[in-house]
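Protein chains in written order, with our numbering: chain A, 1 to 201; chain B, 1001 to 1124. Okay, structure first, notes after.
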Amino acid sequence: MGFTSSPASAPRLASAKIVVAGGFGVGKTTMVSAVSEIPPVNTEAWMTQAARTVDPLTGGSGKVTTTVAMDFGRITLAEDLVLYLFGTPGQPRFWQMWDDLSRGASAAVVLVDTRRLDASFPAVDYFENDSDVPFAVAVNLFDGEQTHRLDDVREALRISPGVPLLACDARSRESVVRTLVAALRHTMDTAAPERGGAAAR
Amino acid sequence: MRPPHGPGPGGANPWVRPYVLTGGRTRTRQRLHVHTLVSVPYYDPGYADLLPPEARSLYDTAHTAVQSIAELSAHCSVSLGVARVLLGDMAARERLVVNPEAYTSPYDPRLLERVIDGLHQLAR
Ligand SMILES: Nc1nc2c(ncn2[C@@H]2O[C@H](COP(=O)(O)OP(=O)(O)O)[C@@H](O)[C@H]2O)c(=O)[nH]1
Ligand SMILES: [Mg+2]
């Protein structure tokens, strides 16, 4: 890239990403905070949709733009490696945005609150059917009690047999690390490295 | 291209800005992920002076440290989509360095092992 090449002194930093998905209030931000070295950063994603999504504000452009808040955290894993965790908004109504946020991710975790299983169903459905990113499902144990058997959760959310399903405490760093590692190991076991490449999809 | 127009219920249409800023483009030439790391190692004040405010803010901030598209978006209060388009333009003009992917795939076992090792250290 000519004159813009990086100064030789700077170690070449690489990044990786894990996506945390699930319905509103299931503990995504809590999970990100438990391991992030910075308080979760809130930012806005925007995307465009075809105007057939009826909206009076489309004007004559044939497109509408919608903003959705999301948050992310950061973990410096080594001098040359940083991991980002993205908490993606619950409703995959805007599936383009989910594609966008999860593109290039090493793994995804869908968080579930057993008191409101339906809140995370769209996220499970998305990663089961519409995404190539390998995922694990984690049941957030809000009060430390497991109110549902994991097998029942698997059946209710129609989670495939091969998808890891585990319980976790989104407030506990140790538990969140265990969950993230389970998701990454699942990727290692199932994903062919040549897929999901930088330019994939 | 004409941006959409007309005031929303609360006055200014909040959805106009992204179009004005990016000329309605939502795709960039270079594939920038939200976690892609970028930087401005060689800052050009003359170039900076010509940039509109949002792009200027992104350019200035990218000069301070290597960081992700998402961090620049958040620090500059520019939505992710807009930040990506503006930063993609800078990259295309070789004003911004996009860190090359160190691994060919996010599923590269060497990368996954390193992330797992790093996470285990964190939990210690
Ligand atoms: N007691 C308890 N509260 C939790 C736990 N995880 C999340 N919460 C609370 O549940 C609420 C929603 O969590 P949040 O992380 O904001 O959910 P998000 O909408 O998925 O980001 C917050 O008030 C959290 O403090 C948990 O494991 N135990
Ligand atoms: Mg949240």
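Each residue gets a CB set at the ideal place from its N, CA and C atoms; glycine is no exception.
Roughly how far, in whole angstroms, is the beta-carbon of residue i from the beta-carbon of residue j, given that I think they are within contact range, below 8 Å?
i	j	result
A/V176	A/L111	That pair is no contact at about 10 Å.
A/L166	A/A123	The Cβ separation is near 16 Å, so there is no contact.
B/S1057	B/V1078	7 Å
B/P1109	A/G104	The pair is not a contact, with the Cβ atoms about 16 Å apart (cut-off 8 Å).
A/L141	A/D169	5 Å
A/T43	B/L1051	Rounded, the Cβ-Cβ distance is 20 Å, inconsistent with contact.
A/R173	B/A1048	About 40 Å separates the two Cβ atoms, so there is no contact after all.
B/C1076	B/E1094	So it is not a contact: roughly 21 Å between Cβ atoms.
Can you tell me where the alpha helix (DSSP H) holding residue i begins and where it ends?
i	result
B/A1074	1069 to 1075
A/F127	121 to 129
A/L184	173 to 190
B/G1118	1109 to 1123
B/A1083	1080 to 1092
A/V26	A/V26 -> no alpha helix (DSSP H), and no H or E assigned at all.
B/P1045	1045 to 1050
A/V153	150 to 156
A/S102	95 to 102
Less than 8 Å between C-beta atoms, sequence neighbours within five positions excluded: which residues of the same chain meet that for residue i?
i	result
A/W95	Y126, D130
A/L81	L13, A14, S15, A16
A/P193	none
A/S160	E128
B/I1069	L1032, H1033, V1034, H1035, T1036, V1038, L1080, A1083, R1084, L1087
A/L157	V112, L117, S120, F121, V124, V137
B/L1072	V1038, L1058, T1061, A1062, V1078, A1083, L1087
B/D1117	none
Looking only at its chain, what residues have a beta carbon closer than 6 Å to the beta carbon of residue i, apart from the 5 residues adjacent to it on each side?
i	result
A/F86	V19, F72, L101
A/A45	V68, M70, M97
A/R149	none
B/P1018	Only weak support is given to the placement of B/P1018: the predicted model assigns it a pLDDT of 49, under 50, and the question is left unresolved by the model.
A/P40	T29, V32, S33, D71, G73
A/L83	A16, I75, L77
A/M188	none
A/G22	K28, V110, L111, S120, A123
B/Y1103	L1111
A/T190	P134
B/V1115	none
A/H186	P134, A136, P164
Compare the Cα-Cα distances from residue i to each of the options and report the closest residue.
i	options	result
B/A1074	B/R1124, B/R1093, B/E1094, B/H1035	B/H1035
A/A107	A/V153, A/S36, A/F121, A/L184	A/L184
A/E79	A/P161, A/E128, A/S160, A/R12	A/R12
B/A1121	A/R178, A/F142, A/R103	Ala is not the amino acid found at residue 1121 of chain B; the sequence shown has Gln there. Closest by alpha carbon: A/R178.
B/Q1067	B/R1124, B/L1119, B/H1033, B/D1117	B/H1033
A/V181	A/D118, A/F135, A/I159, A/G22	A/F135
A/R154	A/L83, A/D113, A/I38, A/A105	A/D113
B/D1044	B/D1060, B/R1031, B/L1072	B/D1060
B/T1064	B/E1054, B/Y1042, B/P1052	B/Y1042
A/D143	A/R115, A/D132, A/D151, A/D99	A/R115
A/F24	A/S36, A/T88, A/E37	A/T88
A/D132	A/D99, A/S36, A/I38	A/D99
Ends of the beta strand (DSSP E) at residue i?
i	result
A/F86	81 to 87
B/S1039	1037 to 1039
B/A1065	No beta strand (DSSP E) holds B/A1065; DSSP gives it neither H nor E.
A/S15	14 to 21
A/L165	165 to 168
A/V112	107 to 112
A/A138	135 to 140
For residue i, which residues from the same chain have a beta carbon less than 7 Å from its beta carbon, with the 5 sequence-adjacent residues on both sides left out?
i	result
B/L1096	V1038, V1040, A1062, L1087, M1090
A/R171	T30, A34
A/V54	Legend: pLDDT at A/V54 = 42, less than 50; position of this residue unreliable, no value from coordinates given.
A/Q146	A167
A/S36	G73, R74, I75, L85
Problem - Positions along the stretch 1035 to 1060 of chain B whose CB lies within less than 9 Å of some CB in chain E - result: Within the model displayed, chain E is absent; protein chains A and B are what it includes.
Problem - Distance cut 7 Å, beta-carbon to ligand 2 heavy atom: residue list by chain order - result: Listed along the chain, these residues meet the criterion: A/K28, A/T29, A/D71, A/G87.
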